[in-house]
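S.K.: Please find one structure pasted underneath; my questions will follow.
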Amino acid sequence: MNNLKAVISLLKSDKTKERQQGITSLREVFARPNVIERLDENNDGRAWLVVFQAIFTTVVNERAAVIKNNASVAAAERRLKEAASAVRWLTENSVKYWTMKVGKALIKHILQTMVHGSQLLAPVALDYIKALRAVCSYTPHLEHLMADEQHWMRMLSLAFAILLDDDLKKDLTDEDFDMSEAEDNMLASSDEGSASKKRKMRDGAGKRFPRTGLQKTASPEQIEIIALIATLLQPTGANLVSSRHPRLPSAICRRLLRFFRHYPTETSAHLDAVGAVQAILGHVALNKREETITFGSELWNHLLQLWPTKSRPLKERILIVLKTLLPFINHTSSRLDRADAIGKLLRLLRMDHDARWGFEELSLEALRLEAVPERLRGAFIADTFRAGLNFTANQATAWVVLELASDAIKEVRCFSCV
Amino acid sequence: MSESAHSSDPGTSRPDGKRTKLENPVATLLQGLRRKDDRSRHLTLQKLLFLIDRHWMTIHLELQKEVIDTLLQLVTADDVMIQNWVFCCFAAIVFVDSTPSSDTSVNWDGIWSHAVRRTNVPLISRTACHSALMLLLSAKVPQIRVHAEIGAIIQDINVQGPPAPYDSVCAFLARCVEIAAHDTRLYRMHLDDKILSWFIESWSIASKVSRISTNVKQSHLDQYSLSDLLLLLERACGFDTGSSIHCQIHLPRHPLVDFIQGQIDYEVMREFILNSCFSNEEKKSGCRANEPERKLSQLSGELVQPDLRVRKVSAFLLKGIEGILADWHNNIDDNSRPSTDSIRHLLDVAVLAICYESLLLLNGISNNRRAVIAACKLISAVSARLRDWFWTPEELAVLLSSLSPLVLRDISVSEPGKWEAFVEPGPYTGVRSGEVKKKGPADDNNQSHNAITNGLQKIIWQSADVSGISSGARSLSS
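Chains as they are written, first to last, in the working numbering: chain S, 3 to 420; chain X, 857 to 1334.
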């Protein structure tokens, strides 16, 4: 314990050398797992709070030095990065051991520190986003967070703003509708060649801060942040569709659409992006028909473009989203050119026949052939065959692809009859 | 045909006058099937199969006929895989098609001959029997032809018959025996004896377990379940009361499976939200009306002596089990874990024996208690050793589900998560159930199925030998 007290006082000091020493000692002390487990024996979070607040002091001091922007700013940036990294490291290792009281303080600090004015603070950004993910990946904390609407909304707004290189002070709910719809239409009606024009129009500020927008590949911050968004949107608990925030679902949908427009080709961020789409559809598909139809119609072609991916997990997620959206985009109020859209899907599925990285094919050995009695209905049960004893996850995937193909064929048939 | 991939933006819709000239996708499928150089025709056939299963009624008659004609041309293809999927498609069409059998424009006879001729070809027999069974159930082929061909196949079944008692093969042969019972000429041919000999030959218990394989890669179970084997045995032995044991099939654990389950659960809501209607769940089909009504026959007090057929089957099962027990300890290698399928096979044999002997009692025939005792001994021996090895949860589920016919009661209850459009009348709705017309024969069928399963299980567990093994099995599952 004496050790710890010494570390804490080092962290809180005004001298940079002492602070650096504090960080190093912190890492040494908490490198042992039993220290982490035993720190908070009363289980009320106070001990952790003390430790974290000490590190926060360090970070704040270093941050002030960076922002002052005098001669030794490079060294200050390095120290700031180390401090942020220490925060992340400690969070990842101890997330299961503290109560949400600590979590709330941590999140508050992160949200305040990460942002400077309306831009992201580069040295801390990646580590702090990872720290946020670490907190949210522990389900009890996530559930507490979802109950605390204010923090959760702030996190989500900030996350989307970082993802799309928006003004970080913008909130999801106080939308400037005319502006953003006009933006959307502009983006929709031009192709990638004029991306640079738009960049000049929207971007303002300084050079120190990471330029994430409108580049071909997603930055590490963006990759982490989209994973965070996917976690935050999970259907368990979060009440996205409520009368308190009538515009929230469509705001989220629009932002996800913008992501797909900015990054039409596959990047490492797309796996979680499609995961986020899956999550939001879980909320809106049965609650907001028109939103889902609009969202689906706009998103359809982007998804099809990602279909020929070599990544199995991504393809499976796209399959789920396509299967969810198919009945919606077929609805008469969809503005999509349905025949064309579904025709494209069929062509892509046809091309999968020859692709080496397509899904495994359905095998007769995994099926049970019988005249299925009427009382037996359920998943993976058709009229004359059903999943059998050797039915693996790969076979399930093959089955779903075939269901999607047959439903798509039926829909196109309806148009070509006319 | 269609436009290039860089078509217009998703946001704008086309004015109606310039509608894209579309190709009929079903025609595209069929064209793909006719091209002999295409190596992925079986994949196209799979898509066609799902289309038939889910949306056959949305295809108009001429196109349906075109599909059937294309399939008839393909059925003679060299590739075995293509033939298999073609037969699956035929089976699906026959099941769903509700045109009256007097409509001779469809060549059901042609399909029947192809199917029947291939029931004994090793790699195709399973699917060929499947199509043939569907044709029998839907009565689309005239009886005279059916009788002639059935007689011909089963006459020679011991010389050239299907290679193994697969699911569809058992169901098909069971149905043949049923038909034969109603025709004098066929009855005199004693087809049931021939089928039983074929079964005993083709389902070789001993060879499977003489070397318990230690190949621990992905478990590969046979394509039949105990309910199929028991169905064949009970028909061939001419029992009045059949069984309906439940063999559990597990779905893999995967987000996709959860997703599909969710889609089914919420289907009613989605239909209503999108189309403002409640879909009619009663699907018409050519085959369904023919599921025979099952009744628990009333037994008189005394038990009848078993006839030759029954004794033959009992002896076969007993011999198999005693053979396994004798070699059990020799066959198990202490150092390596046996594979899931071989252990499962042992348990299957034992459970089949128990079910069969109990079924005899259910039908008022005295049974062979030695067989039951041996089967219980086998289950106890296997369970005792199972704890010596490590099994993953999936493998353990496979092994334990082999005991499901003994314990599972009713899997036909509609799934707990599924949303229904309307609530049944009952105490919470204010509508007395007596005042609403009953649902129909389906419900009664359900109840009689359950009654029979309960009856069989009662008999199974009344036997002292079987109750003895339950303690062993209980300790295994803990």
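In this text, a Cβ means the ideal position worked out from N, Cα and C, and glycines have one as well.
This structure is a prediction, so every number in the text was calculated from the model and none was measured.
In terms of residue numbering, what span does the alpha helix (DSSP H) encompassing X:Phe1172 cover?
M.R.: As a first step, residue 1172 of chain X must be located in the second sequence, where it is residue number 316. Taken as a continuous stretch (DSSP letters only), the alpha helix (DSSP H) holding X:Phe1172 covers Leu1164 to Asn1187.
S.K.: Pairs of beta-carbons, one from the segment 1214 to 1222 of chain X and one from the segment 1089 to 1109 of chain X, closer than 8 Å: are there three or more?
M.R.: At 8 Å Cβ cutoff, the stretches touch.
S.K.: Check the Cβ of X:Arg910 against every Cβ in chain S and list those closer than 8 Å, keeping chain order.
M.R.: Stepping through the second sequence from its first residue, residue 910 of chain X is reached at position 54. Within 8 Å Cβ-Cβ: Ala384, Glu405, Ser408, Asp409 and Lys412.
S.K.: Looking only at its own chain, which residues have a Cβ that is under 8 Å from the Cβ of S:Leu350, when we skip the five neighbours before and after it?
M.R.: Here residue 350 of chain S refers to the residue found at position 348 when the first sequence is read from its first residue. Cβ within range, chain order: Leu306, Trp309 and Pro310.
S.K.: X:Cys1026 and X:Leu1087 - do their beta-carbons sit closer together than 8 Å?
M.R.: Stepping through the second sequence from its first residue, residue 1087 of chain X is reached at position 231. Stepping through the second sequence from its first residue, residue 1026 of chain X is reached at position 170. Yes, Cβ-Cβ distance for X:Leu1087 and X:Cys1026 is below 8 Å.
S.K.: Along chain S, which residues have their Cβ under 7 Å away from the Cβ of X:Met1125?
M.R.: For the purposes of this step, residue 1125 of chain X is identified with residue 269 of the second sequence, where counting begins at 1. Result: Leu288.
S.K.: Quick check on DSSP: helix, strand or coil for S:Val374?
M.R.: Mapped onto the first sequence, residue 374 of chain S falls at position 372. Three-state result, S:Val374: coil.
S.K.: With distance defined between alpha-carbon atoms, name the residue in X:Thr932, X:Asp1244 and X:Gln1161 nearest to X:Ser1192.
M.R.: The residue given as residue 1192 of chain X occupies position 336 in the second sequence. Measuring from the Cα of X:Ser1192, the nearest candidate turns out to be X:Asp1244.
S.K.: Starting from S:Arg388 and walking both ways along the beta strand (DSSP E), at which residues does that stretch end?
M.R.: Here residue 388 of chain S corresponds to residue number 386 of the first sequence, with the count starting at 1. It spans Phe387 to Ala389 - the beta strand (DSSP E) in which S:Arg388 sits, taken as one unbroken run.
S.K.: Where does S:Arg260 land, buried or exposed, given buried means 16+ other C-beta within 10 angstroms?
M.R.: Numbered from 1 along the first sequence, position 258 holds the residue referred to as residue 260 of chain S. That one is buried.
S.K.: Taking only beta-carbon atoms, is X:Cys944 less than 8 Å away from chain S?
M.R.: Here residue 944 of chain X refers to the residue found at position 88 of the second sequence. It does: the Cβ of X:Cys944 has a partner Cβ on chain S nearer than 8 Å.
S.K.: Using the C-alpha atoms, what's the distance from S:Val276 back to S:Thr269?
M.R.: On the first sequence, position 267 is the one that residue 269 of chain S refers to. On the first sequence, position 274 is the one that residue 276 of chain S refers to. Each residue's Cα considered, the two are about 11 Å apart.
S.K.: Ignoring anything shorter than 4 residues or poking outside the segment 104 to 171 of chain S, list the alpha helix (DSSP H) runs there in chain order.
M.R.: DSSP runs (the alpha helix (DSSP H)) wholly in the segment 104 to 171 of chain S: 124 to 138, 141 to 149 and 151 to 165.
S.K.: Indicate whether at least one CB of chain S lies closer than 8 Å to the CB of X:Phe1381.
M.R.: Residue 1381 of chain X lies beyond the range of chain X shown here (857 to 1334); nothing can be said about it.
S.K.: Just to confirm my understanding: we take X:Leu1089, look at its own chain, exclude 5 residues before and 5 after, and list those with CB closer than 7 Å. What are they?
M.R.: Start at 1 with the first residue of the second sequence, and residue 1089 of chain X comes out as number 233. Taken in chain order, the residues that qualify are Val1169 and Tyr1212.
S.K.: Using DSSP with H/G/I as helix, E/B as strand and the rest coil, what is S:Val414?
M.R.: Within the first sequence, residue 414 of chain S is the residue found at index 412, counting from 1. Reduced to three states, the DSSP call for S:Val414 is helix.
S.K.: Could you check whether the segment 360 to 370 of chain S touches the segment 972 to 981 of chain X, counting it as contact only if at least three pairs of C-beta atoms, one from each stretch, sit closer than 8 Å?
M.R.: Touching, no.
S.K.: Run through DSSP, which three-state label would X:Val1160 get?
M.R.: Locating residue 1160 of chain X in the second sequence gives position 304, counting from the first residue. The answer is strand: DSSP assigns X:Val1160 an E or B state.
S.K.: Restricting to Cα atoms, I'd like to know which of S:Glu94, S:Trp100 and S:Gln23 is closest to S:Val52.
M.R.: For the purposes of this step, residue 52 of chain S is identified with residue 50 of the first sequence, where counting begins at 1. Considering only alpha carbons, the answer is S:Trp100.
S.K.: Would you say X:Thr983 reaches chain S, if we count a Cβ-Cβ gap shorter than 8 Å as a contact?
M.R.: Start at 1 with the first residue of the second sequence, and residue 983 of chain X comes out as number 127. X:Thr983 counts as touching chain S.
S.K.: Does the beta-carbon of S:Arg246 have 16 or more other beta-carbons within 10 angstroms, so that it is buried, or is it exposed?
M.R.: Within the first sequence, numbered from 1, the residue matching residue 246 of chain S stands at position 244. Exposed, since its Cβ has fewer than 16 Cβ neighbours within 10 Å.
S.K.: May I have the straight-line CA-CA distance separating X:Ile1180 from S:Glu318, to the nearest angstrom?
M.R.: Within the second sequence, numbered from 1, the residue matching residue 1180 of chain X stands at position 324. Within the first sequence, numbered from 1, the residue matching residue 318 of chain S stands at position 316. Distance between the alpha carbons of X:Ile1180 and S:Glu318: 44 Å.
S.K.: So, with DSSP's three-state summary, where would you put S:Leu259?
M.R.: Position 257 of the first sequence, counted from the first residue, corresponds to residue 259 of chain S. In this structure, S:Leu259 counts as helix in the three-state DSSP scheme.
S.K.: At what residues does the alpha helix (DSSP H) containing S:Ile421 begin and finish?
M.R.: Only positions 3 to 420 of chain S appear in this structure, which leaves residue 421 of chain S out of reach.
S.K.: When you compare the CB of S:Arg90 with every CB in chain X, is at least one pair closer than 8 Å?
M.R.: In the first sequence, counting from the first residue as 1, residue 90 of chain S sits at position 88. False, the Cβ-Cβ gap to chain X never drops below 8 Å.
S.K.: Exposed or buried, which one is X:Val1015 when buried takes at least 16 other CB atoms within 10 Å?
M.R.: Here residue 1015 of chain X refers to the residue found at position 159 of the second sequence. Counting Cβ neighbours within 10 Å, X:Val1015 comes out exposed, since fewer than 16 surround it.
S.K.: Within 8 Å of any Cβ in chain S, is that where the Cβ of X:Asn1224 sits?
M.R.: By 1-based counting over the second sequence, the position of residue 1224 of chain X is 368. False, the Cβ-Cβ gap to chain S never drops below 8 Å.
S.K.: So the alpha helix (DSSP H) X:Trp968 belongs to, where does it begin and stop?
M.R.: The sequence position of residue 968 of chain X within the second sequence is 112, counting from 1. Note, X:Trp968: alpha helix (DSSP H), Trp964 to Arg973.
S.K.: Kindly indicate if chain X contains any beta-carbon less than 8 Å away from that of S:Thr233.
M.R.: Here residue 233 of chain S refers to the residue found at position 231 of the first sequence. No, S:Thr233 does not count as interfacial toward chain X.
S.K.: Report the residues of the segment 264 to 277 of chain S with a CB closer than 9 Å to any CB of chain X, ordered along the chain.
M.R.: For the segment 264 to 277 of chain S, which is checked against every Cβ of chain X, not one residue is closer than 9 Å.
S.K.: Can you tell me whether DSSP reads X:Ile1221 as helix, strand or coil?
M.R.: On the second sequence, position 365 is the one that residue 1221 of chain X refers to. Strand.
S.K.: Quick one: is X:His986 near chain S, going by C-beta distance under 8 Å?
M.R.: Here residue 986 of chain X refers to the residue found at position 130 when the second sequence is read from its first residue. Answer yes: the Cβ-Cβ gap between X:His986 and chain S drops below 8 Å somewhere.
S.K.: Just verifying my parser: in three-state terms, what is the DSSP assignment at S:Leu369?
M.R.: Sequence index remark: in the first sequence, residue 369 of chain S carries index 367 (1-based). Strand at S:Leu369.
S.K.: How is X:Ile1308 classed by DSSP in three states: helix, strand or coil?
M.R.: Here residue 1308 of chain X refers to the residue found at position 452 when the second sequence is read from its first residue. The answer is helix: DSSP assigns X:Ile1308 an H, G or I state.
S.K.: Do X:Val1160 and X:Arg1200 have their C-beta atoms closer together than 8 Å?
M.R.: Reading the second sequence from its first residue, position 304 is the one you call residue 1160 of chain X. Reading the second sequence from its first residue, position 344 is the one you call residue 1200 of chain X. Cβ atoms of X:Val1160 and X:Arg1200: not closer than 8 Å.
S.K.: Kindly list, in the order they appear in chain X, the residues whose Cβ is closer than 8 Å to that of S:Phe262.
M.R.: Here residue 262 of chain S is taken as the residue at index 260 of the first sequence, counted from 1. Neighbours of S:Phe262 on chain X: none; closest Cβ ~11 Å, over 8 Å.
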